[in-house]
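Counting with this note's numbering, you get residues 110 to 295 for the letters of the sequence shown. Structure record follows, encoded as structure tokens.
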Amino acid sequence: MSKDGQQDKFRLGFLTEIRIGERGYVGGLLVTNHLGRPLEFQCTAPVKPNRTQEILYGPTLETFLLAELIGRTLVEKIGVKPHLVLVEREELLELRRHINVPVACLVESLPSDQAGIGLGRQSVIWHSEFKDDGTTIKEGTKCITADADLSEPFQRVRDALSEALGTGSPPQTPTANPAPTNRDAA
110 MSKDGQQDKF RLGFLTEIRI GERGYVGGLL VTNHLGRPLE FQCTAPVKPN
160 RTQEILYGPT LETFLLAELI GRTLVEKIGV KPHLVLVERE ELLELRRHIN
210 VPVACLVESL PSDQAGIGLG RQSVIWHSEF KDDGTTIKEG TKCITADADL
260 SEPFQRVRDA LSEALGTGSP PQTPTANPAP TNRDAA
């Protein structure tokens, strides 16, 4: 297989969430090609734990919601399957226990006690119980350019989630001297 053929087949999934106040969490998964071009996007409806769940799950509630409920659901329902799912929060590496796709977390610097590798401009780590995932991730590094900013697609996901929820970006500032309208002439 040519290097180009290999690159066409390496797909990245960018999984993140936004919290929407009292409505809970909404997750999004963007699958891109090796160049960061979108292939598919899926998002969840808001997921809000009830008070009993908050009590019973305690400090593990957020990881349960984001990894098991939101993350697993999105990976299962996405049509274009990623070869690697990237997350921004280390606790979401727990998702790996629930899906058959390697999961890696972007980190500022590699911890000395955990396996990791450079991927684009960032470094990634993976779940310590899935050491073989390192092989898939290392193969993926051959398809990702050294100057790739793998944190940028996460912002696209958050922006798309905000747009889908109708809480999109604030409107642009109007110009200082807008053109008069018929209403202004009256």
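Glycine included, every Cβ here is placed at the ideal spot set by N, Cα and C. All figures in this text were calculated on a predicted structure; none of them were measured in a lab.
Best match in the options for proximity to residue i [C-alpha to C-alpha]
{"i": "ALA255", "options": "GLY130, GLY229, HIS207, LEU219", "result": "GLY229"}
{"i": "SER232", "options": "GLU185, SER260, GLU238", "result": "SER260"}
{"i": "TRP235", "options": "GLN264, ASP258, LEU195", "result": "LEU195"}
{"i": "ARG205", "options": "CYS252, GLU131, PHE239, GLY133", "result": "PHE239"}
{"i": "TYR134", "options": "ASN142, VAL184, THR125", "result": "THR125"}
{"i": "LEU274", "options": "LYS118, GLY136, LEU121, GLY122", "result": "GLY136"}
{"i": "THR182", "options": "PHE119, ASP268, LEU138", "result": "LEU138"}
{"i": "GLU197", "options": "GLU177, PRO262, SER237", "result": "PRO262"}
Buried versus exposed call for residue i [16 or more other C-beta atoms within 10 Å across all chains shown]
{"i": "ILE246", "result": "buried"}
{"i": "GLU217", "result": "exposed"}
{"i": "THR282", "result": "Below a pLDDT of 50, predicted positions are generally treated as unreliable, and THR282, at 30, falls in that range; no measurement from the model is reported."}
{"i": "LEU201", "result": "buried"}
{"i": "LEU144", "result": "exposed"}
{"i": "GLY188", "result": "exposed"}
{"i": "ILE164", "result": "exposed"}
Backbone CA spacing between residue i and residue j [nearest angstrom]
{"i": "THR250", "j": "GLY227", "result": "8 Å"}
{"i": "ALA224", "j": "CYS214", "result": "11 Å"}
{"i": "CYS252", "j": "CYS152", "result": "26 Å"}
{"i": "LYS118", "j": "PRO191", "result": "9 Å"}
For residue j and residue i, believed in contact at Cβ under 8 Å, the rounded distance
{"i": "ILE129", "j": "PRO155", "result": "6 Å"}
{"i": "PRO220", "j": "LEU193", "result": "That belief does not hold up - the Cβ atoms of PRO220 and LEU193 are roughly 19 Å apart, past 8 Å."}
Coarse secondary structure for residue i, derived from DSSP in three states
{"i": "SER271", "result": "helix"}
{"i": "GLY243", "result": "helix"}
{"i": "PRO168", "result": "helix"}
{"i": "GLU217", "result": "coil"}
Closer than 7 Å: residue i CB and nearest the ligand SAH heavy atom
{"i": "ARG120", "result": "No copy of the ligand SAH occurs in the structure displayed, which carries no ligand at all."}
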